[in-house]
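Below you'll find the structure, written out as structure tokens, and then a few comments.
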Amino acid sequence: MPQRYCAGDIIELRKPHPCGSNRWEILRTGADFRLRCLGCGHLIWLPRAQLEKQVKVTMTRAES
Numbered sequence: 018m019p020q021r022y023c024a025g026d027i028i029e030l031r032k033p034h035p036c037g038s039n040r041w042e043i044l045r046t047g048a049d050f051r052l053r054c055l056g057c058g059h060l061i062w063l064p065r066a067q068l069e070k071q072v073k074v075t076m077t078r079a080e081s
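Per this note's numbering, residue 18 is the first one in the sequence shown, and the count goes up by one each step.
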């Protein structure tokens, strides 16, 4: 069963960002995800299929 993600969740990806951080905040969910790097603030879009492969661990859950 696919993992459920919510805006505000903090996730850790397998590959680090060039700034050295691998922690990201989810800003938007759907077919594509909008993520913000917690190290430098860089914003990226990732398709859901790619995100589900790259997530290592969900660190904090947003309040629902």
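For glycine and all other residues, C-beta sits at the position ideal for the given N, C-alpha and C.
Best match in C36, V72, P33, E42 for proximity to D26 [C-alpha to C-alpha]: Just measuring C-alpha positions, the residue of C36, V72, P33, E42 sitting nearest D26 is E42.
Sub-7 Å separation of R53 and L63 beta-carbons: By the CB criterion at 7 Å, R53 and L63 fall outside the cutoff.
C57 versus A24, R65, P33, residue with shortest Cα-Cα distance: Nearest option by C-alpha distance: P33.
Backbone CA spacing between L68 and I28 [nearest angstrom]: Annotation: L68 to I28 spans about 10 Å, alpha carbon to alpha carbon.
Where L55 falls: helix, strand or coil (DSSP): L55: coil per DSSP, three-state reduction.
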